[in-house]
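Student:
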Ligand code: PHE
């Protein structure tokens, strides 16, 4: 049995968790979901879901990892017995499934970065759809997918401290500062105000009851926080007792929401200033891979440079997420099969590559994978809330007490994970499934 690695510092853990949370979901998903009609109603529902139902579950995942010190595959069984085995499987399946298409989108991101620097970007709508056709089909997709997976595998193979913590320590602060600068620059564009008010902050109260807006709020919350998939279990299993998990969970959630907002505040002014409004309502990938490159290209050489910064950052954000996805099967194989980290990494990377081939070939397939696995995340979150709130509530509380978390906070979390998270997540799950099959 190998001894379990530990994070170098509490901050290292928080940055790695934030690194997992902040990714393409913030830069791509947030903008497109808020542009699907929801606007401010989507934003409010999303923040409500994060604060009220996701935070207690996030703490729940962290407690599950820390108190069992085992991988997501084994932790549920160790904590509550054999009947919880399916949850470990759900984590493993969801993480491989999500990584399989996530790596394809990472490949497009890398390709757009490459185009910004060396080839050029589309300047009008005709060129723009051509451009997207090029980056999302043919052999270049496989090249991008393979590069993304190999980079991901290399970081995970280097281990928790030497790989994951070392990368996220500098990547996350850099990402935030540069996004902030880009968002401030975006306020100076002529269409900025119109961009905010026609998308991000568009107010239509009827949207609060709209099925798609509700599904978008739930899927964005779970996907963006990397919740319901065992990642926080894996990362917290390398933790010491002295981290105050509720505070850290709140830090991760706020950072994640902040980055989503910043990305929206960059995307929509660009979209409005360059008359690209139709693009983003037409397709889910339109905002990130069609409207933004075209908008940037309209600013000439400086624009291309800004595009390179933006897509470089997007790729960096994506890799700090993809490594967390790979860590789920890898840590599970190390624990369950006794494999070395290296062997577990490359075998699971190869498996994920094969699983991603259909997504690399067909956009339609990729879209379906995205929709289905988002529902898996909500299901995972529901099961975690049942596990922590109803099967082992005292473990939840004891673990938090042992790290001296405030008693009021503990009481609040215990109440929420037992009485509020399960029914509200069940509601979100049902509405999402109905909306999807309709
Ligand atoms: N949270 C990541 C993002 O927003 C994606 C992700 C989802 C990562 C689920 C891990 C698990 O891009």
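Residue numbers (this note's numbering): 199 to 636.
Glycine is no exception: its CB is placed at the ideal position from the N, C-alpha and C atoms.
These figures come from a predicted structure and were not determined experimentally.
(1) From what residue to what residue does the alpha helix (DSSP H) around residue 467 run?
(2) Measuring straight from C-alpha to C-alpha, what distance separates residue 145 and residue 231?
(3) For the alpha helix (DSSP H) that contains residue 544, what are its first and last residues?
(4) Output the residue ranges of the alpha helix (DSSP H) runs that lie fully inside the segment 346-429 and measure 4 residues or longer, sorted by chain position.
(5) Write down the C-beta distance between residue 488 and residue 326 rounded to the nearest angstrom, noting that I regard them as a contact closer than 8 Å.
(6) Please indicate yes or no: does the CB of residue 601 lie closer than 7 Å to some heavy atom of the ligand PHE?
(7) Taking buried to mean at least 16 other C-beta atoms within 10 Å of its own C-beta, is residue 596 buried or exposed?
(8) Would you give the residue range spanned by the alpha helix (DSSP H) that residue 308 belongs to?
(9) According to the Cβ coordinates, are residue 450 and residue 212 closer than 8 Å?
(10) Quick check: the segment 543-552 against the segment 445-459, are at least 3 beta-carbon pairs closer than 8 Å?
(11) On the CB-based measure, 16 or more other CB atoms within 10 Å of its CB, does residue 296 come out buried or exposed?
(12) Which class does residue 566 belong to by DSSP, given the choice of helix, strand or coil?
(13) For residue 376, which residues from the same chain have a beta carbon less than 8 Å from its beta carbon, with the 5 sequence-adjacent residues on both sides left out?
(14) Would you decide whether residue 279 is buried or exposed? Buried here means 16 or more other CB atoms lie within 10 Å of its CB.
(15) Residue 469: which of 261, 238, 387, 335 sits nearest, CA to CA?
(16) Could you tell me whether the Cβ atoms of residue 360 and residue 354 are closer together than 8 Å?
(17) On the premise that residue 373 lies in contact with residue 517, defined as a C-beta separation below 8 Å, what is that separation, rounded to the nearest angstrom?
(18) Can you list, in chain order, the residues of its chain whose CB lies under 6 Å from that of residue 618, leaving out five sequence neighbours each side?
(19) Please determine, among 495, 616, 276, the residue with the shortest C-alpha to C-alpha distance to residue 317.
(20) Does any CB atom of chain D fall closer than 8 Å to the CB of residue 566?
(21) Measure how close the beta-carbons of residue 633 and residue 413 come, nearest whole angstrom, since I'm counting them as under 8 Å.
(22) Is residue 455 buried or exposed, if buried means 16 or more other CB atoms sit within 10 Å of its CB?
(23) Taking C-alpha atoms, which residue in 430, 243, 436, 225 lies nearest to residue 206?
(24) If you check the beta carbons only, do residue 583 and residue 275 fall under 8 Å apart?
(25) Could you check if residue 291 belongs to the surroundings of the ligand PHE, using beta carbon to heavy atom distance under 7 Å?
(26) Out of 238, 391, 608, point me to the one whose CA is closest to residue 415's CA.
(27) According to DSSP, is residue 577 part of a helix, a strand, or is it coil?
(28) Within 8 Å, do at least three Cβ pairs link the segment 569-578 to the segment 550-557?
(29) If you run the structure through DSSP and keep just helix, strand and coil, what is residue 234?
(30) Ends of the alpha helix (DSSP H) at residue 596?
(31) Span of the alpha helix (DSSP H) holding residue 203?
(32) Over what stretch of residues does the alpha helix (DSSP H) that includes residue 254 continue unbroken?
(33) State the Cα-Cα distance for the pair residue 210 and residue 285, rounded to the nearest angstrom.
(34) Hey, which residues come within less than 6 Å of the ligand PHE, measuring from Cβ to any heavy atom, in chain order?
(35) Near residue 629, what residues of its chain come up, given a Cβ to Cβ distance below 8 Å and the 5 sequence neighbours on each side ignored?
Tutor: Well, looking at it:
(1) Mapped onto the chain shown, residue 467 falls at position 269. Run containing residue 467: 443-471, per the alpha helix (DSSP H) assignment.
(2) The shown model of the chain, from 199 to 636, leaves out residue 145, and the question about it has no answer.
(3) The residue you call residue 544 lines up with position 346 of the chain shown. Residues 539-559.
(4) 364-385, 390-393, 409-422
(5) Here the question's residue 488 lines up with position 290 in the chain shown. Here the question's residue 326 lines up with position 128 in the chain shown. At roughly 5 Å, the Cβ-Cβ gap stays under 8 Å, so residue 488 and residue 326 are in contact.
(6) For the purposes of this step, residue 601 is taken as residue 403 along the chain shown, with counting starting at 1. Because no heavy atom of the ligand PHE lies under 7 Å away, the Cβ of residue 601 does not count as near it: no.
(7) As a working mapping, residue 596 is identified with position 398 in the chain shown. Exposed, by the Cβ-count rule.
(8) The count along the chain shown starts at 1 and reaches residue 308 at position 110. Note, residue 308: alpha helix (DSSP H), 283-312.
(9) By one-based count along the chain shown, residue 450 stands at place 252. By one-based count along the chain shown, residue 212 stands at place 14. Cβ distance < 8 Å, so residue 450 and residue 212 count as in contact.
(10) no
(11) As a working mapping, residue 296 is identified with position 98 in the chain shown. Buried, since its Cβ has 16 or more Cβ neighbours within 10 Å.
(12) The residue you call residue 566 lines up with position 368 of the chain shown. Residue 566: helix per DSSP, three-state reduction.
(13) Against the chain shown, residue 376 aligns to sequence position 178. Here the set comprises 507, 511.
(14) Within the chain shown, the letter at position 81 stands for residue 279. Answer is exposed; the Cβ neighbour count stays below 16.
(15) Translated into the one-based positions of the chain shown, residue 469 becomes position 271. For the residues 261, 238, 387, 335, the minimum Cα distance to residue 469 belongs to 387.
(16) Numbered from 1 along the chain shown, position 162 holds the residue referred to as residue 360. Numbered from 1 along the chain shown, position 156 holds the residue referred to as residue 354. It is not a contact, given that the beta carbons lie outside the stated cut-off.
(17) Working through the chain shown from its first residue, we reach residue 517 at position 319. Working through the chain shown from its first residue, we reach residue 373 at position 175. 11 Å between Cβ atoms; not a contact.
(18) For the purposes of this step, residue 618 is taken as residue 420 along the chain shown, with counting starting at 1. For residue 618, where only same-chain residues beyond five positions count, there are no Cβ hits under 6 Å.
(19) Reading the chain shown from its first residue, position 119 is the one you call residue 317. Nearest of 495, 616, 276 to residue 317, Cα basis: 495.
(20) In the structure shown, chain D does not exist; there is a single protein chain.
(21) Within the chain shown, the letter at position 435 stands for residue 633. Within the chain shown, the letter at position 215 stands for residue 413. Between residue 413 and residue 633 the Cβ distance is about 5 Å, and since that is below 8 Å, they are a contact.
(22) Here residue 455 refers to the residue found at position 257 when the chain shown is read from its first residue. Residue 455 should be labelled buried.
(23) For this step, residue 206 is matched to residue 8 along the chain shown. Of 430, 243, 436, 225, the residue nearest in Cα terms is 436.
(24) Counting from 1 along the chain shown, the entry for residue 583 is found at position 385. Counting from 1 along the chain shown, the entry for residue 275 is found at position 77. No, Cβ-Cβ distance for residue 583 and residue 275 is not below 8 Å.
(25) Residue mapping note: residue 291 aligns to position 93 of the chain shown, counting from 1. No, since every heavy atom of the ligand PHE falls outside the 7 Å radius drawn around the Cβ of residue 291.
(26) What you label residue 415 is simply residue 217 of the chain shown in a count that begins at 1. That would be 238, whose Cα lies nearest to the Cα of residue 415.
(27) For the purposes of this step, residue 577 is taken as the residue at position 379 of the chain shown. The answer is helix: DSSP assigns residue 577 an H, G or I state.
(28) no
(29) Taking the first residue of the chain shown as position 1, residue 234 is located at position 36. Of the three classes helix, strand and coil, the one that applies to residue 234 here is helix, per DSSP.
(30) As a working note, residue 596 is residue 398 in the chain shown. 591-600 is the extent of the alpha helix (DSSP H) around residue 596.
(31) Here residue 203 corresponds to residue number 5 of the chain shown, with the count starting at 1. Looking at the DSSP string, residue 203 is not in any alpha helix (DSSP H), and its letter there is neither H nor E.
(32) By 1-based counting over the chain shown, the position of residue 254 is 56. It spans 253-266 - the alpha helix (DSSP H) in which residue 254 sits, taken as one unbroken run.
(33) The count along the chain shown starts at 1 and reaches residue 210 at position 12. The count along the chain shown starts at 1 and reaches residue 285 at position 87. One C-alpha to the other measures close to 27 Å.
(34) 218, 219, 221, 222, 223, 224, 296, 421, 422, 424, 427, 429, 519, 522, 523
(35) Here the question's residue 629 lines up with position 431 in the chain shown. Here the set comprises 409, 412, 413, 416.
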